[in-house]
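Residue numbers (full-length UniProt numbering), protein chains in the order written: chain L, 1 to 300; chain B, 1 to 367.
Every residue, glycine too, gets a C-beta built ideally from N, C-alpha and C.
These figures come from a predicted structure and were not determined experimentally.
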Amino acid sequence: MMASSYTAKEEDGHITVSGPGALRSRKPENTAFKQQRLPAWQPILTAGTVLPAFFIIGLLFIPIGIGLFIDYTGVDASSPCFNCSQSFSWNSSRPFVFDPQSNVYVYYGLSNFYQNHRRYVKSRDDSQLNGDPKSLMVRRNTLELFYNDPNGTKVQILLNTTGIAWWTDKHPINWRRPVFDLDADEGNNGFINEDFIVWMRTAALPTFRKLYRIINKKSGMVPTLPRGNYSLEVVYNYPVRSFEGRKRMILSTISWMGGKNPFLGIAYITVGSVCFFLGVVLLLIHHKCGNRNNNADISN
Amino acid sequence: MAYLKFQRSAIHSAVSSSAAHIGVGISGQEGMQAVLASDYSFAQFRYLRRLLLVHGRWSYFRMCNFLWYFFYKNFAFTLVHFWYGFFCGFSAQTVYDQWFITLFNIVYTSLPVLAMGLFDQDVSDQNSLHYPSLYKPGQQNLFFNKRQFFLCTLQGVSTSSLLFFIPYAAFSVMVKEDGSYISDQQVFAVTIATSLVIVVTVQIGLDTHYWTVVNHFFVWGSLIVYFAILFAMQSDGMFGIFTSSFPFVGTARNCLSEKSVWLVILLTSVVCVVPGMAVSFLRVELFPTLTDKVQTSSHRSAYAFSHQQGYGELITSGKNMKMSTASSTGSPGGTPQSSTWIENMLKRKNAVSCVSDEITGAPAKTD
């Protein structure tokens, strides 16, 4: 009875709108987008994709790790008496071992110095550093490196003071009035003094090292730092005992990817081996348990 | 279906589902009151099946996935600051650039998860109708409950610790390729931020089961936009215009051109993603749910016959021979063995879906 008077218009949501006779349908559009029928790629994680991925990661990472680990750079960071609160000189008892033909980089290191403290980072005013004149005082140790050649005379080694800061940090300044003398050289004074720029680049961690000087390699077959005894004279400017900080000086050469980084090498080898081992274990599990899933009926 | 409650009255018909807590109205001759009072309405009862088993189920699945991923990525993003606190004197110094913090949830990671929430399908609509038991996890609240939330938190916390400690250990001794200083706060920030964006993008890629064009566009687009904005914000130009607002000048250019930084990012990303992959794989292998089985079978059926069981059993049992004698009037050897054998394989493959069709009774009509 009811079905006989069923009109086609009211079925499936067609609603008649009174007006100039327009028939408006409430039915949603039958497009792929609106009906959730968009064509798609449907990947699933099968053994065929996961296990090769693990093996490939393992096989890639282990050689990278070995390459990083055996990368040899000479580093000499040992130095006694850095708790002393006065100027001192230090004689190296054993000769440095360096690749004779490369640059030698001199770093100063600090421990327990929280340059990454929020208040310090917040107080950094980049527009001031970019050229707004204000007065500042910066103190830091200066050190000079002397070479004791076999004759017993002390020869001061030329330490290159430029080229230690990032090229993007050396902005052109708008004023030329130096407020303090960091360097006799006019081009390296004020806010474009490279030591200052290096210092102002806030360290991420409380133990850090920053580049101080570069000893350029010499032309010809002359080694940059010939074998022999060296002495280091340090003028103590910045007190660190109050916060139990430690200072150190590091001499290093660099290789194709920077300084020596044993952590990355070991980490890559470890992760590569673990991935490979995991791949083997998962392969065994898949063999034992996975096959029974292939034959399993999908029961309702 | 046992959990659904039906209420029938002379004037209107309404159905409520305890899983989704929606009101459904069916319009009819008696009037439109049910339609006005409901969330969804349609004209015939048979459409209810599709609404519940397909769209209702998909909606539950998508919502749970979305929530899981959203909590995970925010834990991974925020808790890095917890670990950093131990190394910055607990001064609440942020690891990331301020702009990254602002844009992370709005620009870099919002669109891929939105696309997943709109389009993702764990099984196709035909399979959702063929296997009504797939609806059970929704009724039993299995996809997002206290346990799932705890697991998602755990993954977020462990990701954040890996995101912090691997760069921390690497940066303690790292210098640039030209020997100059690189372990500064800004490079540290950019490295961790880049690793984070890559890890959460790979994770949403692994979580998305149904990659439409929109998903591709959003996922790859988010990554490209991240790098574009990174280089734009850390350029000289922005520093020149708004000096105090963009202090990270030059950082991206200096650090993302270093091989060692990219090695750190690669290591961090792999270490964060691989355990999750291994656990999901193991779960599917050892404790497969109905969803996993349906997915595997539909995936396999695309390869036609190559992944089916061996044919030896079929041939030696003589079943295909018997069927060919029954169906054809001619001699057993008359019909080519391969064609009847193919028919039998097809019948075997569809045996389950045919049976379920009979059980549910109503034909599975689309729209």
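Against chain B, a Cβ distance below 8 Å from L:I269 picks out nothing, because the smallest value is about 11 Å.
At a cut-off of 9 Å between beta-carbon atoms, B:D39 makes no contact with chain L. For B:R62, the closest of B:I192, B:G179, B:D122 by C-alpha to C-alpha distance is B:D122. Contact between the segment 172-180 of chain B and the segment 97-104 of chain B is absent: fewer than 3 CB-CB pairs across the two stretches fall below 8 Å.
Assignment of beta-bridge partners to L:K247 by DSSP yields L:L110. Judged by DSSP in its simplified three-state form, B:S160 adopts helix. Check the Cα spacing between B:V214 and each of B:L114, B:N65, B:K73, B:S172: the tightest is with B:L114. One Cα belongs to L:R248, the other to L:A47, and the distance between them is close to 52 Å. Contact between L:I56 and L:G272 is ruled out by a C-beta separation of about 10 Å, above the 8 Å threshold. Residue state for B:D184 is assigned as strand, using DSSP reduced to three classes.
Neighbours of B:I166 in chain L, taken as residues whose beta carbon is under 8 Å from its own, are A267 in chain order.
At a beta-carbon threshold of 7 Å, the residues of chain B lying near L:V50 are M277, F281, ordered along the chain. Here the C-alpha atom of L:G65 lies approximately 25 Å from the C-alpha atom of L:N103. Secondary structure at B:K176: coil, using DSSP grouped into helix, strand and coil. Straight-line measurement puts the Cα of L:T31 at about 59 Å from the Cα of L:P206. Put simply, the CB of B:G89 is near chain L, with a gap under 9 Å to one of its CB atoms. When rounded, the separation of the alpha-carbon atoms in B:I241 and B:T78 is 30 Å. Around the Cβ of B:K146, a 10 Å sphere holds fewer than 16 other Cβ atoms; the residue is exposed. With a minimum length of 3 residues, there is no unbroken run of beta strand (DSSP E) contained wholly in the segment 211-269 of chain B.
Taking 7 Å as the Cβ-Cβ cut-off, the segment 196-212 of chain L approaches chain B at V198, R201, T202, A203, A204, L205, P206, T207, F208, K210, L211, given in chain order. Using a Cβ-Cβ cut-off of 8 Å, L:L278 is close to V274, A278 of chain B, given in chain order.
For L:I266, the closest of B:A170, B:V270, B:T289, B:F248 by C-alpha to C-alpha distance is B:A170. By the neighbour-count definition (other C-beta atoms within 10 Å, threshold 16), L:T49 is an exposed residue.
Looking at B:G221, B:F82, B:F246, B:Y131, the one whose alpha-carbon comes closest to that of B:L290 is B:Y131.
For L:F208, the uninterrupted beta strand (DSSP E) run begins and ends at 208-215, by DSSP.
Residue-level contact by beta carbon holds for L:G259 and chain B, with a gap shorter than 9 Å. Listed in chain order, the non-local C-beta contacts of B:K259 below 8 Å within the same chain comprise E177, local neighbours out to five positions each way being set aside. Excluding its 5 nearest sequence neighbours in each direction, B:F218 has C-beta neighbours in its own chain below 6 Å: L111, P112, A115, listed in chain order. Chain-ordered, the chain B residues with CB closer than 7 Å to the CB of L:Y114 read C88, G89.
Taking all protein chains in view, the Cβ of B:N65 is crowded by 16 or more other Cβ atoms within 10 Å, so the residue is classified as buried.
In the displayed model, L:W256 falls within coil according to three-state DSSP, outside both helix and strand.
Assigned with DSSP and collapsed to three states, L:G272 falls in helix. Distance from the CA atom of B:F119 to the CA atom of B:M238, rounded to whole angstroms, is 38 Å. Burial check for B:S269: the Cβ neighbour count within 10 Å reaches 16 or more, so the residue is buried.
For L:S25, the three-state secondary structure derived from DSSP is strand. Short of 6 Å from the beta carbon of L:F61, and not among the five residues preceding or following it, lie these beta carbons of its own chain, in chain order: Y268, V271, G272.
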